[in-house]
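Numbering (this note's numbering), first residue to last: 168 to 698. Input: a single structure, listed below in structure tokens.
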């Protein structure tokens with residue numbers, strides 16, 4: 168930064184010499200043009216790379232009667248352009264400068280402002296880049312801890328995408344690096360899209376949270392000879408959103424697993440893998456593990472069922488409805504339904520690497536394939552649609568989450584629906600209780616954290632599958648959203664808690680956010696010191 172200051176000073180000197188060469192008063196310029204570089208109060212407040220620059224004030228203030236020819240430009244620590252921390256000192260004169268002298272001073276003022284805008288742009292860029300670089304560092308630590316070959320991280324502030332970077336490799340065999348144009352599996356973050364679609368239908372009056380999904384789907388026949396649990400008719404839409412429908416994945420296998428897919432196909436006499444509707448037919452013949460609404464246990468079954476509710480209400484395929492009525496109106500076309508087999512992956516999709524970056528073999532759900540990498544056949548990604556079937560980028564997750572409540576306009580959900588999403592109470596009995604990442608006492612299709620006074624501090628969701636680890640969090644008070652995607656499944660039990668904690672701390676520490684919005688690729692000269 169010292170070099171920039173010296174460059175500006177040199178340019179100012181050249182301007183002064185050019186003016187002095189004219190017949191106009193050198194004294195007038197000395198009297199009415201001031202510049203100062205002050206570096207007293209910066210220690211410990213700004214990154215070391217900034218040096219001791221605290222403020223740069225350039226003032227050309229010459230008045231002719233009531234006409235103000237010059238302007239003051241100041242940069243104070245943390246202040247916006249033109250709002251200097253230090254008091255500006257100026258003098259004025261009633262001297263009359265005729266013709267070319269006034270034009271000269273106008274030119275000098277304009278040129279000075281142009282030069283200082285260049286200087287400030289460099290200052291702001293270095294300041295913001297230095298702070299945003301903290302995300303690079305923590306993301307590399309997360310990848311090392313989780314043994315992930317590749318990753319993406321996206322961060323927004325106030326609904327504007329400020330940071331979106333890719334790390335590592337998309338394909339270890341070819342060495343292809345991950346880019347921000349790559350897509351990865353979302354796993355259970357897909358549930359947030361399904362839940363939002365449901366709440367949009369509730370908002371439109373086409374559903375209520377008290378509606379009974381198995382009443383909608385009464386025409387779906389269970390496997391022959393199955394006994395239907397009467398409590399299925401007690402399950403509500405809200406139960407499905409909150410994982411309180413009555414299924415305990417530790418007692419009976421959950422949807423999306425090899426065994427459930429195999430059982431469904433065998434019981435229905437259809438070739439594997441089963442379609443989402445076939446899986447629901449199989450589930451309809453299983454007994455519940457607890458009364459609906461009495462406990463909370465995470466369940467893929469409930470969200471697979473929600474996708475069928477969307478189809479029943481709209482008359483459209485779930486993915487078609489999501490894309491046509493929610494994503495595309497927001498300009499989001501990069502989120503699609505994923506596939507399992509490597510030969511059917513999207514052209515810009517990463518490769519996936521089992522557990523802790525190592526390939527693990529298992530029996531494929533696809534007939535005739537035998538043992539395969541778990542990432543490419545343990546379950547059928549496309550059949551998991553509303554429960555875990557989407558692929559896209561980390562940037563698209565952040566953008567979607569910011570659109571849910573209108574932090575980035577337009578809002579998908581209105582204020583009352585957002586309030587329900589964040590504040591709907593959960594049963595006292597819930598799995599994961601005592602775990603700071605999973606013990607959430609309220610919320611619908613997102614997990615909500617509150618402080619001691621009951622104020623919502625964040626909402627979040629994670630996702631995991633063979634070769635996939637995903638997470639997003641919205642920090643409410645700070646209006647920050649971040650999301651990461653990994654192309655492996657870390658085995659550490661505390662991985663997500665550690666990753667989310669580190670990223671949220673870095674996000675809260677940023678003072679000087681870039682002014683650009685990477686979603687629109689627009690940038691400005693000013694620093695954005697956003698609260």
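Note that the Cβ used here is the ideal one computed from N, Cα and C, for glycine as well.
| query | Roughly how many angstroms lie between the CA atoms of residue 358 and residue 340, to the nearest whole one? | reply | 32 Å
| Tell me which same chain residues have a C-beta within less than 6 Å of the C-beta of residue 529, skipping the five on either side of it? | 541 and 545
| said: Per DSSP, what are the beta-bridge partners of residue 516 in this structure? | reply: 350
| query | Which term fits residue 650, buried or exposed, when burial requires 16 or more other beta carbons within 10 angstroms of its beta carbon? | reply | Buried, since its Cβ has 16 or more Cβ neighbours within 10 Å.
| So what's residue 478 in DSSP terms, helix, strand or just coil? | It is helical.
| query | Going by beta carbon distance, what residues of the same chain come within less than 6 Å of residue 343, once the five residues before and after it are set aside? | reply | 337
| query | In this structure, does DSSP put residue 313 in helix, strand or coil? | reply | helix
| message | Is it buried or exposed, residue 582, if we count other Cβ atoms within 10 angstroms and call 16 or more buried? | response | Around the C-beta of residue 582, fewer than 16 other C-beta atoms lie within 10 Å, and the residue is accordingly described as exposed.
| query | According to the neighbour-count rule (16 or more other Cβ atoms, all chains shown, within 10 Å of its Cβ), is residue 660 buried or exposed? | reply | Its Cβ having fewer than 16 others within 10 Å, residue 660 is exposed.
| request: Return helix, strand or coil for residue 672, following the three-state DSSP convention. | output: helix
| said: My parser needs the beta strand (DSSP E) runs of 3 or more residues fully inside the region 347-433; what are they? | reply: none
| My guess is that residue 381 and residue 399 are in contact by the Cβ rule of under 8 Å, so how many angstroms apart are they, rounded? | 5 Å
| query | Count the other CB atoms within 10 Å of the CB of residue 348; is the residue buried (16 or more) or exposed (fewer)? | reply | exposed
| What's the call for residue 663, buried or exposed, on a 16-neighbour Cβ count within 10 Å? | buried
| Leaving out the 5 sequence neighbours to the left and right, which residues in its chain are closer than 8 Å to residue 112 when beta-carbon positions are compared? | Given that the chain is displayed from residue 168 to residue 698, the structure contains no residue 112 and the question cannot be resolved.
| said: To the nearest angstrom, how far is the alpha carbon of residue 686 from that of residue 464? | reply: Cα-Cα distance, rounded: 37 Å.
| field | Where residue 619 falls, given that 16 or more other Cβ within 10 Å makes a residue buried | value | Around the C-beta of residue 619, fewer than 16 other C-beta atoms lie within 10 Å, and the residue is accordingly described as exposed.
| task | Put residue 643 into one of helix, strand or coil per three-state DSSP. | result | coil
| said: Can you tell me which residues form a DSSP beta bridge with residue 343? | reply: 338
| task | Can you give me the Cβ contacts of residue 652 inside the same chain, cut-off strictly under 6 Å, excluding the 5 residues immediately before and after it? | result | 319, 351, 561 and 637
| task | Alpha carbon to alpha carbon, how far is residue 421 from residue 456? Give it in angstroms, no decimals. | result | 12 Å
| said: With three or more beta-carbon pairs closer than 8 Å as the criterion, would you say the region 488-498 touches the region 437-448? | reply: The way I'd put it, the region 488-498 doesn't touch the region 437-448; fewer than three beta-carbon pairs between them come closer than 8 Å.
| Three-state class that DSSP yields for residue 572 in the structure shown | coil
| query | Taking just the CA atoms, how far does residue 379 sit from residue 644? | reply | Residue 644 and residue 379: Cα-Cα distance of roughly 35 Å.
| said: Please report the straight-line C-alpha distance between residue 632 and residue 443, rounded to a whole angstrom. | reply: 18 Å
| Quick one: is residue 418 buried, meaning 16 or more other Cβ sit within 10 Å of its Cβ, or exposed? | exposed
| Three or more C-beta pairs closer than 8 Å, one from the region 387-403 and one from the region 447-456: is that the case here? | yes
| request: Could you have a look at residue 628 and say whether DSSP puts it in helix, strand or coil? | output: strand
| C-alpha distance - residue 311 paired with residue 666, whole-angstrom precision | Distance between the alpha carbons of residue 311 and residue 666 is about 11 Å.
| task | Could you pull the start and end residues of the alpha helix (DSSP H) that residue 553 belongs to? | result | 552-555
| query | Between which two residues does the alpha helix (DSSP H) harbouring residue 585 extend? | reply | 582-590
| task | List the residues that DSSP assigns as beta-bridge partners of residue 448. | result | Per DSSP, none; premise fails for residue 448.
| request: Tell me where the alpha helix (DSSP H) around residue 489 begins and ends. | output: 485-489
| Between the CA atoms of residue 519 and residue 535 - distance to the nearest angstrom | Per the coordinates, the alpha-carbon of residue 535 lies some 22 Å from the alpha-carbon of residue 519.
| Where does residue 281 sit, in a helix, a strand or coil, going by DSSP? | Because the pLDDT at residue 281 is just 48, under 50, the model does not fix this residue reliably, and the value given afterwards should be weighed accordingly. Residue state, collapsed to three classes: helix.
| Does the beta-carbon distance from residue 396 to residue 454 come in below 8 Å? | yes
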